[in-house]
Every structure is written in structure tokens, then in C-alpha cells.
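Protein chains in written order, with the numbering used here: chain A, 1 to 375; chain B, 376 to 750; chain C, 751 to 1125; chain D, 1126 to 1251; chain E, 1252 to 1377; chain F, 1378 to 1503.
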Amino acid sequence: MDILQKFWESTGFASMTGGEFIMIIIALVFIYLAVKKGYEPYLLIPIAFGMLLVNMPEAGLMEDGGLLYYLYQGTDKGIYPPLIFLCVGAGTDFGPLIANPKSILLGAAAQFGIFFTFIGAILLDKLPFVSFSGAEAAATAIIGGADGPTALFLTSKLAPDLLGPIAIAAYSYMALVPIIQPPIMKALTTKEQRQVKMEQLRHVSKTEKVVFPIVVALFTILLLPSAAALIGMLMLGNLIRESGVVPKLAETTQNSLMYIVTILLGITVGAKAEAELFLTTQTLSIIALGLVAFSVGTATGVLFGRLMYKLSGGKINPLIGAAGVSAVPMAARVAQKVGQKENPSNFLLMHAMGPNVAGVIGSAVAAGLLLMFFG
Amino acid sequence: MDILQKFWESTGFASMTGGEFIMIIIALVFIYLAVKKGYEPYLLIPIAFGMLLVNMPEAGLMEDGGLLYYLYQGTDKGIYPPLIFLCVGAGTDFGPLIANPKSILLGAAAQFGIFFTFIGAILLDKLPFVSFSGAEAAATAIIGGADGPTALFLTSKLAPDLLGPIAIAAYSYMALVPIIQPPIMKALTTKEQRQVKMEQLRHVSKTEKVVFPIVVALFTILLLPSAAALIGMLMLGNLIRESGVVPKLAETTQNSLMYIVTILLGITVGAKAEAELFLTTQTLSIIALGLVAFSVGTATGVLFGRLMYKLSGGKINPLIGAAGVSAVPMAARVAQKVGQKENPSNFLLMHAMGPNVAGVIGSAVAAGLLLMFFG
Amino acid sequence: MDILQKFWESTGFASMTGGEFIMIIIALVFIYLAVKKGYEPYLLIPIAFGMLLVNMPEAGLMEDGGLLYYLYQGTDKGIYPPLIFLCVGAGTDFGPLIANPKSILLGAAAQFGIFFTFIGAILLDKLPFVSFSGAEAAATAIIGGADGPTALFLTSKLAPDLLGPIAIAAYSYMALVPIIQPPIMKALTTKEQRQVKMEQLRHVSKTEKVVFPIVVALFTILLLPSAAALIGMLMLGNLIRESGVVPKLAETTQNSLMYIVTILLGITVGAKAEAELFLTTQTLSIIALGLVAFSVGTATGVLFGRLMYKLSGGKINPLIGAAGVSAVPMAARVAQKVGQKENPSNFLLMHAMGPNVAGVIGSAVAAGLLLMFFG
Amino acid sequence: MNLQDGISLGEAIFITLFSMAIVFVTLLVISFILAGFKSVFYKEEKKVPVKKEVPPISDNAVVDSTEELVDNDEEIVAVIASAIAAQTGESVENIYIRNIRRVPQNSPAWAVAGRQEGIHNNFNRR
Amino acid sequence: MNLQDGISLGEAIFITLFSMAIVFVTLLVISFILAGFKSVFYKEEKKVPVKKEVPPISDNAVVDSTEELVDNDEEIVAVIASAIAAQTGESVENIYIRNIRRVPQNSPAWAVAGRQEGIHNNFNRR
Amino acid sequence: MNLQDGISLGEAIFITLFSMAIVFVTLLVISFILAGFKSVFYKEEKKVPVKKEVPPISDNAVVDSTEELVDNDEEIVAVIASAIAAQTGESVENIYIRNIRRVPQNSPAWAVAGRQEGIHNNFNRR
Ligand code: NA
Ligand code: NA
Ligand code: NA
């Protein structure tokens, strides 16, 4: 009986803490949302399962020598997220942006959500129960970039202990973009503005598409060396795609490499959501601030869209400004849907893809700046 | 001439030991068996080639700084086997088990082969020429689990120096399942029992298949935290498969990731079969004990099948108990073939898949227990 | 204004050195050549982009903790090149060589380019502005092997700081084979010799193809243990291909694994082309010596071809000797084209593939020797 | 028990009995849980069919070009079907190849967006 | 500024203003560069069309076996087209599947060489 | 010889001669071994043909739906053939696509088992 007693004490049933129990419930909810609701399942399933595993008492998968500990090294050293950016670059068509260069500014305006949230985190730090160092505030703010790899890269560099909550907030809100954005978009535009039909985009030549990643990499990294890993890999991926001479490389990065890294990144990010790291007032603050970040980014994008609507004499539909938050391609689709509801013959998707991919560059630039200040 | 002399001395021809020569011959035999006889070629080819390379005198591929030394780290740290379990999970349909839950007990009964072998190893330890520490006996016993990744994972944790012989014994006997099992199955059953036709399995809903990996992971890891790496990855892979919302993830794990890890694992496991580690009485004991393990596991599976045949009033064909040793899907096929020989209209395959995949879970649980005792 | 001043100083624009500027221009030229001229784009695009990134001032991607620093470890430890050889082996058909064993000697003759260049580097070392240690001379000489992974493997072991220039020279000249070789081939052969039609190759059985990699690995590694990593992986890959029992392994190595490693190897090799390492008289010497290496290798291959033409009574077309430099399959295609120009009914390609793949083995043997002397 | 060195037969037998017990208990509990599945999920599903998140691309498409039957055709079709299954995540049984028709002449503009989904989503056309 | 610990609201506002300025300047400059693209590359290209390095495998091939139209066929064709696109690197819009014809009876000898190109080159038929 | 620093011309020439000799001897021996192959394996094989472990999926299947020939069709077929070759490990020359026939209506039950082979075996239908 003594051995049974000892065995029982060694089980997770006996040694589970309340925190671990809550975390397991949260993980199950995320799995439900990913599988049943289709919320960003490619990352939420691995993340949620990572959460599950790391909160199993006594399993020790994240302790030195544990499986997740080793896999986590690629996250901790900031290797996986730029690799995913390589793959994302190989899957992204910057054509709509090249065809309509002005739309890139909407991708800049929407980044204000990041910095508004940053100020918010600093203000929360003044509260007695919440604490945000500058680096933690910066990592939290990048949720507003609405771009997963950027958020995870910056967080792994500035505040690795927040990887769990920040990843979950970032991917959850990205999945919720179709719910968060429309009311804001409608509140900040007039019916007339939403009905604006934009003229067709010009054809973009192959040469332009090949030169684009090179020029953007050169200029952006020279201006902001701390953005080199993100922008460099994104643009290398895009060059591989657009060069047209290495189709197998483009194919492998978009498929095998993408999904292998995705699963490793997902599990290990989830594995940073241990109960004692996760169940804090800081996490609650991060989740609240993340919503602020998405909302304010959407709002400033739309408002800047109104400005461009005015300056262009009514040629630009301000709805495409909401796509500036990144969240490719969901935010662009939302702009399309909201626009079409007002005017069924309206077709904004390709116009919204411009600010949408510009938002990825804008977020990476913002991440570079935060890394410069707090790295 | 002096330099020629020196060069000659630096060659493998001059410095080969008898042990290395024997190991090379063994490696060649394994390559022959894998290529010509089709014995588990996906792992035996890399394993045998690893054996070949590590026994090349002076090549030093497993010394610090050598190629295989680096690749071996993933084996040594126990990373590759759980990754393969992730891929195996993504390729396994637990439907037959869900449809017939009682069959899971056959997967439990067949694990007795493991522990019988464990006792055998401890007994052999009492002989003058053979030595088995508890951990080594446990690693040897797991061969009876008839599941490659489980055996390699446990061995890498408990007795890494035995990786070579244990891997070779495990995969060889798995390839020999169609030869080892039928006589045992026939000896322990009556013709009447072998002719039993089982009723068709019920349809299993998608929801059940999605919930299954989550529930099994939760319960098993809570009960046995040391099984977390194996069971966790197996069930994550299965969730990826059954969720249906991440088909690209399921496809990549089942293909690219599976085969990349397979080749790395195979080569480096083979590279642990250096002559001085391999050519010992312990290796001979392991090979003998491995055969015992498979045979006893098959026997206890079949005997438990007889018990269920009785209890069910003749509805369960005891042959499917032999599939409880794992060796997916060979053991299930053997059950099908033996059953069909007695009764050509008999179709046991799907019924045997239940104990077969249950055996994978059972072996992982057994491995977790051995890890708990000796880890 | 003070902060703007500081920010400006932190940008790459402010701190760029002349050397970095030149390197960026060179990288852009290589990207142009790869994309527009199709010069070995699979490696030149990643290499050139790596050059670009590492010469971005202040980005620090190759410093400890930087992204490229981590990815570079696989190059530095000599892991990536043998892995690529594994993939190359899985993609190479040694049939033409087995069908015509004599042609393997042409693959030996063409390796003289390596050692001629080696002597050249030692001679240049005597000049005041140039310096080549023995190891550096050996690494430079291997460019004459006309085989990328071999060159990178040896350089990573003997002179890692020369990885940038040697990789660039090797891949550039491989791309230029159709320009470098024909004049040499014409100058050293008569019109009559170039018109020789060779008799059809015999059929090669599957057994021969399976035994070939095993025998070559055994013999070569026993004779030259230092060639184990390269020859071992090449022949394992070929065994996987020819065994026919592991098609998924063959497919994954030829695709996913190949291209994933290619991109990692390319970027990190390019990242060794930092301005201060690259812009030296040594680099200029390497580029000049590389041309010598290719030219002399071609010449000795063709001259040995003439010898075999004589000895065989005019049955062997000496043009196929040029294919002995490796550069698979370009050099074989060049032999085909030059031969067909003289005699439109001439079809040398399959005959040239023999020396061509023999050249890969020959270069790996030469690399093993240089590693033995200088490793 | 100190199990790090050689162990006694008694200890070995104890470990065996204990471990087999745990293995059985574990799988027995899983068996009970699975038995519960049937009553909880199986019936439930019949009432409220699960909304399919990812619509199958080709539930009933069937290829059937001409009637001349040639040996081994089944296998070609099986290969194509399995390739489609691998791409679409649909199980092979649900795919029927019936016919090949002209491709739509003008691809909808948002086919381009589909290619950009990258990590966020896999290629699913709606 | 010491930013390693908690920072003041003033510092936070300063970082915000400064960073948003840099973000805008960066993207504004990229916008100008892209505007320049149109005049530099776009016109240029019309004069000197870019020589295609990798010839598209199937610019105008179109499959159209019989006329009987079946539901969901478009999707089957789309799957096949996307599979071909993935393999050939051609964008889906440029692929039309029209018909399937007898395979060439004798494959050219250098199809074998094509399989050997390994790292040096990808499978492109000329 | 101390070869770690700069080396003399004499040493370089020595290394060259020695190495070229070894290169030649190595490849010469391989050449002899290969010459032996012909007599050992080549004839042998004619007597005892190697039993094929993995049966080719489509040795003689040939697709040939209608007779109207369209440009570039060969390439479409080639792409499909190479895709099949990649999947089946069969060399392209041995695959002929002739026709597409109705898929078997009820897939054999053990097609499911095939999907479970995981690491142990690849998808081979028997
Ligand atoms: Na963004
Ligand atoms: Na088992
Ligand atoms: Na060579």
C-alpha cells in the first residue's frame, strides 16, 4: 500500500495545483475554438496543446532535458519567427502594393495601435497590482501589429516570459478580426465613403516584383538595422518567390519548411504558458491591451483612410485603411465584405491587399524600433 | 616509401579490428535483409548504413566534431523519437479502437511480454558473463512493446549505449512478426475460436475522433507524467489529423517531417553500434530476450483474447489479441491472414486494428512506468 | 534634435563603410546574374542575399545571438554539406558509370585542376601582398573539384573564413562552365576526334545499382577515412534511391530536405562574405585561381580523353573527358553540345555522364586527401 | 528500492506486477471513457450534425470520360484520388472522379488573395 | 533615457511620437520608390520584354474531354490546376486544362540527365 | 612535414603527386570492381530475375481519352506522369497514361489500414 501511496503522490492527479487546472481548462477552450470555430487553427492547435502539456504536473517537459525545452531553443533564440517570415515572404504577393504605392501609408497609420497600447501598458504599470517594464510594455504593444511572427520575435527578444499570453492574445484577436473591425469601420465612416468604388489597379511587371524585395530590404535595414532579421527574411522569401528561377525553393519554403517550423513554434510558445507565468494580472492586462491595440489600429487606419479620401477627391475608400493592421488576408477580406454590403458592385479586396501587406512591413519596422529602444 | 607506409597505416585497411570487420558484415547483412527481403527498410537501411559508417576505422564520424556526433544529439536528447510519434499520430486512425473499446484491454495484456523480458534480463544478470543493470534490463524489455519510437526513446533515456542492439532487435523482430506470431497464435487457440466472425464495427463520428486524443493525453499524462513526451506527441499528431482544420500540418507531419526525422534517427541509432559496444554477450542476450519479448507478448495477448472469447460468449475472435503487441499494422494483418485461412469469409483486420493501436498506447504507458522506476 | 542625431548615427546609412558598400553592390550583381542570367540560382540567390544581410551595418546578424549566427552553426560544423550530398546521392543515377567503368578514370584525370591550383596558391603565397597557408591553399584548390558541397565541406573544415569567396568562385564558375569549357575542348582535340560516335551503353541491372553505393562507400572510406562524411552520405543517398524499397525516403531527401538545407547553407555561406573578410587580395587570388582550376581540370580531362581515344583505337570521344570536372550535369551537357556541333548525329550525353558522376567521387577523394594533410 | 544498479528478482517481480496493474488500470479507464463516448457524442451527433468547418472540395465529383476500360486504370485513378485526398484532406472514399470540364476562363480576382494567406490559413476556396 | 526598468509616461509618449514618425517616413520613402518603379520599370518593360528564363510548361493547354457537365467539376479542375501550378511555379490563371493525349512513346534520352541535376538545377524540360 | 603554416613549393608538388596517385588508384580500383560487376551481377540477374518488392503501380496504364490533339498536351501529360513517378517511385519512362475510368465504388476495407502504416511502410496497394 505504501508503494501505491507513493505512486499516487507521483501522479498529476495528486499534485495538480489550482493554477494548472485552470490553465488546462483554458487550453481546452482554445482547442475548441481552433477546431470548432476555425480560429487560426494552424497556430492555436499547437499553442493550446503546448499549454496543455506544460501544465501537466510533474511532466517536466520544459525543464532542462525535457522535450519541449530543446524544441523551445529555436523560439528562445529568435530563430523560428524569422524562418516563418521567410516562408510568409515566399507566399506573399506584393503586387497590389506596388500598383498603388500610396496605400502603403495606411499600413503606417494603423501602427498607431501599437504605440497607443504601449502608452496604455506604461499607464497600467502605475497601478498597484500590475507591473510592466519598458521591454514588457513594448512586447505587449506589438500585439497591435496584428502579425504573429513579428510579435513572437520581438517578445522572444524583449520579454520571453510573456510569450504565452502575448501569443495567445495576438492569434486570438487575429482570428476575431471579422468581429472586432466592422463596427469600428462603420462608426468612423459615412455611408457615402463606404460606397466609393476604386479604379482598377494597373498591371505590375515581373521586374518590379523582383526589384521590390531587394529595394525594401536595402532601405529598411539600412534605416533600421534592428529590423534586419524580420525584414531580411521576409524579403528573401519574396525574392525567392518572384525571381521565378527557383520554383522548388519557393515551393519547399511555402510548404514543408513553413509547416515544420509552425508546429515547433506553436508548441513551444504554448509551453511558455505555465500557470505561474500565465495566471497573473499582467496576463489580464495583456489581453485587455491587445483588444485596445487592434481597435485603435483599425481606427487610425480608417481615419487615415478618410484623410486620403479627402485628399484624393473621393477616389479612395477609407474602409481599406482598416486592412493596414496586417492580419493578412483577413483584414483585407473584412474591408471587402463591409464595402460590398454597402454597394454590392464594390470590389475592394485587391485595393485592401495593398495596405494589408504594407502593414506587415510597418509592424516589422515598429518592432525594429522597439527592439532598438529596449533590446 | 616512408610516406606510403604512413599513408597505409592511416587507412582503414591497416587499422581495422576484427570487431569492426564483423560489424561491417552484420551491417551488410541488414542492408541485404532490408533491400531484398523488405524487412522494415525505412529504418533498417539508415540503421545499417550508420553501423557501416561508425565501424569504418579512423573515420571518427561519432567523435566530438564528427558529422554523426552532431546528428546524434537529437537521438541522445530524446528529441527524434517523440517527433516521430507526432508524425505517427498524424497517420493513425484510432477509429477501430473507439468503435470497440473493450479491444483496448488486449493491448494491455500483450504488454506482459515487456515485463516477462524484464524479469528475464534480471535473471540473466545473475549469470557470470552477462550484466544488466535495472535500467538496461528495462530498456531491453521495452523491445516487447514492438514499437520503434517508444523503444528508442526509452533506451536513449535509460541506456543510450544499448541503442544499437535494441534498435536492431526491435526492428528486426517487427519485420519478422509474420513469421513469429502465427505458430503461437495457432498453438494457443482452437480451430473453432479462430473461425469466429466478429460483427461489423459501428460508425465513429468526427467528434469522437477529435475528443479521443485530448482525453487520452489528459488522463494518461496525469496518471503517468513520465509518459508525457511520447503520449503527448502521439496525441497531438492525432489531434492535428482528426481536427480536419489543419490539413497542411497533417500532410507535412506525415511526410516531410516524418521522413527527415526517420533518416536522422536511423543513421544515428546505427552509429551507436560500434564494435566494442555491440559485440558483447549483452547484445546476444538482448537479441535472445527480444524474441522472448515478442513471443510472450503475442501469447498473453492471445490468451487474454481467449478469456474475452469466453466472457463475450464467443463473439470475440482471440486471434485479434496477438495484434496487441503493436507492430502497427503488421500484427493486425497477421491476425487477418491467420483468421482468413481458417474461414475465408472472415475479415478481422479492422477488429485487430483496435488492439493494435491500443498496443501503442499500452507500450508508451509501460515505457512511462519503466522511466519512472529507472529514469 | 539630439535624439534624431543619435538615431541617424545608429542607422546603416551613417555607419556604412566603403567595404560594405562594395559588398552590397557585389551582392546585387550576383542577384542579377542569378535571376536574369539563371546562373546557379538555387544557391546564388541565398548566397547573395546572405552577403547583402551580413554587410548591412549594425544589423549584427552574424554576431553571437544573431539569426545568421545560429543558422551558420550547421555550416561551421560541416553538417549541411554532407546532408546535401545525401540528397544529391538520392538524385544521382550512377548507371552510365557502371555501364562504362573505364570512364571513371576521366573523373580522376580532371582532378588535376585541383592540385595545379593548389601549387598556384602556394606560389602566390610567396608574393608580398598575398598570403595562403597550406590549409587555405587546399580550400582554394578544391574549387577545381567543381562540386559545391565538397568545396563548402572542405572549406568549413580547413579555412572557414574563406567560405564566402570560395563559395562564390565555385558556384560562379560552375554556372560559367558552358563558356569556359568549349574553347579549351576545341583547342585540345582534333575535328576527327570530336566526331567520334560512341557505342551504346549496356543495360545496367538493378542489383548492380544497389551494390554500387555500398561497394564504393566501403572501399573509398576504408582507403581514405577522412572522406567518410562526404562519400558516406553520397552513397547512403544513392542506396536509398536505388534500393527501390523506400520511395518516400528518396522523395523527401530529393525535395524537402534538399531545399531546406540548400537555403540554410546558402544564406550562411553568403554571410561569411563580410567586407573585411572578403575584400582582400586573397579573394582576388581565389577568383583568379578558381578560373585556373576549372580550365586546367577541363584540359587534363580532355587530354586524358585523348589518351583513351588512342588506347581504345578511336572508340572513345575525348570530349567526354571535360565532363570529369563534375559540375553535374552541366559539364556533361557541354560535352554533348560540342560533340553534336561537329557531328549532328552524335549523342555523347550518356557517355559524358559517366566521367561526370565519377568526377564527384574523384573530388570527394581529393577533398579527403587534403583534409588528411591539412585537417 | 535502489534501482540504479543490478536489482533483485523480487524487485523485478514486484515492478512487473505493479506495472502490469497500472497498464491495465490505465487502459481499462480509457476503455470506460470510450464506452462513454458512444452515449455522449455518438447520439448527440445524430441530433445536431457537426457543422463542417472546411467544406470538402469535391464531395461527389466523378470522372468518367469514355467507356473503354483498360487494365490497371483503377490504380491510376487511385493514385490521382489519393493525391487529391492528400491535398484536400478529404478521405479517399469520399472522392469520385467523374469528368474533366473546361476550366473557368476568368479566375476570380480573390484567387490571388488565396495565395497570400500564408500561415494564417490554408488554401480553401469559397 | 534608461529604458530597462519601468519608464515614465513622458518617455512613453516620446517613444510613440518618434517611432510613429520613423514608421511614416520609412513607408513614405518606400512609397516614393514604388512610385518611381512605375516610370522606370513599367514602361521599360513594354519596350524590352523580359526574356523568360523558365519557360512556362503549359501556357495554353486546356482539358476538355466530353461535354457532359457535372456539378463540382470546376473544383476538381481547380485542384488539379493548383497542383500543377505548385509543381511548375506557374500561376493558376495561366493554366488551362483542355485535353489529355497519348504520352510520347519514347522519352528522350536526356530525360535521364534531367533526373540527375540534383541541386544544380530543377526539373525543367526544354 | 609541418603543414599548418605556409608550405614550400616542394611540399606542394609532393602533395600533388601523391594525391593524384591516390585519386587515380582509388578510381582505378573502383573501375576494376565495376568491371567485375558485369560478370557477377549482370549475367546472374538474367538467370534469376530480382523479385520486385514494391510492385509498380501502373506499368502499362495509358491515358488516351479522345483523338483531338492540342498543342502542349505532351507537357501536361509529362507533368502528371512525373507527379505519379514522384509518388510511386516508378521511373517516368515506365508510366503511360491511357485513359481515366470510373473509380471503384466501394473501397476495400483495408485501404484504411494502408493509411495507418505510418513509419513502418509506405503506401503500397496490393
Ligand atoms: Na501590422
Ligand atoms: Na506495444
Ligand atoms: Na569534381
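Cβ coordinates follow ideal geometry from the N, Cα and C atoms, glycine included.
Legend entry - First through last residue of the alpha helix (DSSP H) which encompasses residue 1034(C): As a working mapping, residue 1034(C) is identified with position 284 in the third sequence. Residue range 1031-1061 is occupied by the alpha helix (DSSP H) that includes residue 1034(C).
Legend entry - Neighbour-count burial assignment, residue 687(B), 16 or more Cβ in a 10 Å radius: The count along the second sequence starts at 1 and reaches residue 687(B) at position 312. The residue is exposed, with fewer than 16 neighbouring Cβ atoms inside 10 Å.
Inset, instruction - With 8 Å as the C-beta to C-beta threshold (strictly closer), list the residues of the region 140-157 of chain A near chain C in chain order. - result: Residues are counted here when their Cβ sits less than 8 Å from a Cβ of chain C; for the region 140-157 of chain A the count is zero.
Legend entry - Pairwise C-alpha distance: residue 618(B) and residue 694(B): The residue you call residue 694(B) lines up with position 319 of the second sequence. The residue you call residue 618(B) lines up with position 243 of the second sequence. So the alpha carbons of these two residues sit roughly 32 Å apart.
Inset, instruction - State the Cα-Cα distance for the pair residue 498(B) and residue 999(C), rounded to the nearest angstrom. - result: Here residue 498(B) refers to the residue found at position 123 when the second sequence is read from its first residue. Here residue 999(C) refers to the residue found at position 249 when the third sequence is read from its first residue. Spanning the two alpha carbons is a distance of roughly 41 Å.
Inset, instruction - Inspect the beta-carbon positions of residue 958(C) and residue 1418(F) and report whether they are closer than 9 Å. - result: Here residue 958(C) refers to the residue found at position 208 when the third sequence is read from its first residue. Here residue 1418(F) refers to the residue found at position 41 when the sixth sequence is read from its first residue. Yes, Cβ-Cβ distance for residue 958(C) and residue 1418(F) is below 9 Å.
Inset, instruction - List the residues of chain A whose Cβ lies closer than 9 Å to the Cβ of residue 806(C), in chain order. - result: Within the third sequence, the letter at position 56 stands for residue 806(C). One finds 217, 218, 221, 222, 225, 228, 232 in chain A with Cβ atoms closer than 9 Å to the Cβ of residue 806(C), taken in chain order.
Inset, instruction - Could you run through the region 394-419 of chain B and flag, in chain order, every residue whose CB is less than 8 Å away from some CB of chain C? - result: Residues of the region 394-419 of chain B whose Cβ lies closer than 8 Å to any Cβ of chain C, in chain order: 399, 403, 406, 409, 410, 413, 416, 417.
Inset, instruction - Answer with yes or no whether the minimum CB distance from residue 1290(E) to chain A is below 9 Å. - result: Against the fifth sequence, residue 1290(E) aligns to sequence position 39. Taking Cβ atoms only, chain A never reaches closer than 9 Å to residue 1290(E), which makes this a no.
Inset, instruction - Run down chain C in chain order and give the residues with a C-beta less than 8 Å from the C-beta of residue 447(B). - result: The residue labelled residue 447(B) in the question sits at position 72 within the second sequence. Going along chain C, no residue has its Cβ under 8 Å from residue 447(B), so there is no contact; the nearest lies around 11 Å.
Inset, instruction - Answer with yes or no whether the minimum CB distance from residue 6(A) to chain E is below 9 Å. - result: To locate residue 6(A), count along the first sequence from 1; it is residue 6. False, the Cβ-Cβ gap to chain E never drops below 9 Å.
Legend entry - 9 Å Cβ cutoff met for residue 861(C) and residue 1406(F): In the third sequence, the residue the question calls residue 861(C) occupies position 111. In the sixth sequence, the residue the question calls residue 1406(F) occupies position 29. Contact flag unset, no.
Inset, instruction - Give a yes or no on whether the minimum CB-CB distance between residue 650(B) and chain C is below 9 Å. - result: Here the question's residue 650(B) lines up with position 275 in the second sequence. It does not: the Cβ of residue 650(B) has no partner Cβ on chain C nearer than 9 Å.
Inset, instruction - Using a cut-off of 8 Å between C-beta atoms, extract the partners of residue 82(A) located in chain C. - result: The residue you call residue 82(A) lines up with position 82 of the first sequence. Against chain C, the beta carbon of residue 82(A) has neighbours under 8 Å at 817, listed in chain order.
Legend entry - the region 189-204 of chain A contacting the region 82-101 of chain A, beta-carbon criterion three pairs below 8 Å: The region 189-204 of chain A, when compared against the region 82-101 of chain A, does touch it at the 8 Å Cβ threshold.
Inset, instruction - Give the secondary structure of residue 1101(C) by DSSP, where H, G and I count as helix, E and B as strand, and everything else as coil. - result: Here the question's residue 1101(C) lines up with position 351 in the third sequence. Residue 1101(C): helix per DSSP, three-state reduction.
Inset, instruction - State yes or no: is the C-beta of residue 285(A) within less than 9 Å of the C-beta of residue 121(A)? - result: The residue you call residue 285(A) lines up with position 285 of the first sequence. The residue you call residue 121(A) lines up with position 121 of the first sequence. Cβ atoms of residue 285(A) and residue 121(A): closer than 9 Å.
Legend entry - Contacting residues, own chain, Cβ-Cβ under 8 Å from residue 1245(D) (five flanking each side not counted): In the fourth sequence, residue 1245(D) corresponds to position 120, counting from 1. Model confidence at residue 1245(D) stands at a pLDDT of 33, short of 50, so the residue's coordinates are unreliable; what they give is reported in the following sentence. Excluding residues within five positions, none has a Cβ falling inside 8 Å.
Legend entry - residue 29(A) versus 134(A), 168(A), 7(A), residue with shortest Cα-Cα distance: Here residue 29(A) corresponds to residue number 29 of the first sequence, with the count starting at 1. Checked all of 134(A), 168(A), 7(A); the closest Cα to residue 29(A) is 168(A).
Legend entry - Partner residues on chain C for residue 385(B), Cβ-Cβ distance less than 8 Å: One-based indexing of the second sequence puts residue 385(B) at position 10. Within chain C, the residues near residue 385(B) are 975, 1122.
Inset, instruction - Just the C-alpha distance for residue 793(C) and residue 1008(C), rounded to the nearest angstrom, thanks. - result: As a working mapping, residue 793(C) is identified with position 43 in the third sequence. As a working mapping, residue 1008(C) is identified with position 258 in the third sequence. Roughly 12 Å between the two C-alpha positions.
Inset, instruction - Would you mind stating whether residue 270(A) and residue 164(A) have Cβ atoms separated by less than 9 Å? - result: The residue labelled residue 270(A) in the question sits at position 270 within the first sequence. The residue labelled residue 164(A) in the question sits at position 164 within the first sequence. Against a cut-off of 9 Å, the Cβ pair of residue 164(A) and residue 270(A) comes out as a contact.
Legend entry - Proximal chain B residues relative to residue 1139(D), where beta-carbon distance stays under 9 Å: Working through the fourth sequence from its first residue, we reach residue 1139(D) at position 14. By Cβ distance, chain B contributes nothing, its closest Cβ being about 10 Å from residue 1139(D), past 9 Å.
Legend entry - CB of residue 74(A) within 9 Å of CB of residue 254(A), strictly: Within the first sequence, residue 74(A) is the residue found at index 74, counting from 1. Within the first sequence, residue 254(A) is the residue found at index 254, counting from 1. For residue 74(A) and residue 254(A), no; Cβs fall outside 9 Å.
Legend entry - Beta carbon proximity, residue 1270(E) to chain A, threshold 9 Å: Here residue 1270(E) refers to the residue found at position 19 of the fifth sequence. Yes, its Cβ sits closer than 9 Å to a Cβ of chain A.
Legend entry - Neighbour list for residue 239(A) in chain C, Cβ cutoff strictly below 9 Å: The residue given as residue 239(A) occupies position 239 in the first sequence. Under the 9 Å cutoff, chain C gives 781, 785, 795, 799.
Inset, instruction - Return the Cβ separation of residue 1074(C) and residue 856(C) in integer angstroms, given the expectation that the two are a contact with Cβ distance under 8 Å. - result: Within the third sequence, the letter at position 324 stands for residue 1074(C). Within the third sequence, the letter at position 106 stands for residue 856(C). Rounded to the nearest angstrom, the Cβ distance from residue 1074(C) to residue 856(C) is 4 Å, consistent with a contact under 8 Å.
Legend entry - Within-9 Å CB hit, residue 767(C) to chain A: As a first step, residue 767(C) must be located in the third sequence, where it is residue number 17. Not an interface residue.
Inset, instruction - Check whether the Cβ of residue 91(A) lies closer than 9 Å to any Cβ atom in chain C. - result: Looking up residue 91(A) in the first sequence gives position 91. Closer than 9 Å to the CB of residue 91(A) there is not a single CB belonging to chain C.
Legend entry - Whether residue 730(B) touches residue 1159(D) by CB criterion (9 Å): Position 355 of the second sequence holds residue 730(B). Position 34 of the fourth sequence holds residue 1159(D). Contact: no.
Legend entry - Short CB-CB distance (under 9 Å) between residue 718(B) and chain C: Sequence index remark: in the second sequence, residue 718(B) carries index 343 (1-based). Output row for residue 718(B): interface = no.
Inset, instruction - Count the C-beta pairs between the region 79-86 of chain A and the region 149-157 of chain A that are closer than 8 Å, then say yes if the count reaches three, no if not. - result: Verdict: yes, contact present.
Inset, instruction - Could you tell me which chain B residues have their CB closer than 9 Å to the CB of residue 347(A), listed as they occur along the chain? - result: Translated into positions along the first sequence, residue 347(A) becomes position 347. Those do not exist, as residue 347(A) stays about 28 Å from chain B at its closest Cβ, beyond 9 Å.
Inset, instruction - Quick one: list the residues of chain E neighbouring residue 376(A), beta-carbon separation under 7 Å, in chain order. - result: As shown, chain A starts at 1 and ends at 375. That puts residue 376(A) outside it, with no answer to give.
Legend entry - Residue range of the alpha helix (DSSP H) that includes residue 941(C): For the purposes of this step, residue 941(C) is taken as the residue at position 191 of the third sequence. For residue 941(C), the enclosing alpha helix (DSSP H) covers residues 941-944.
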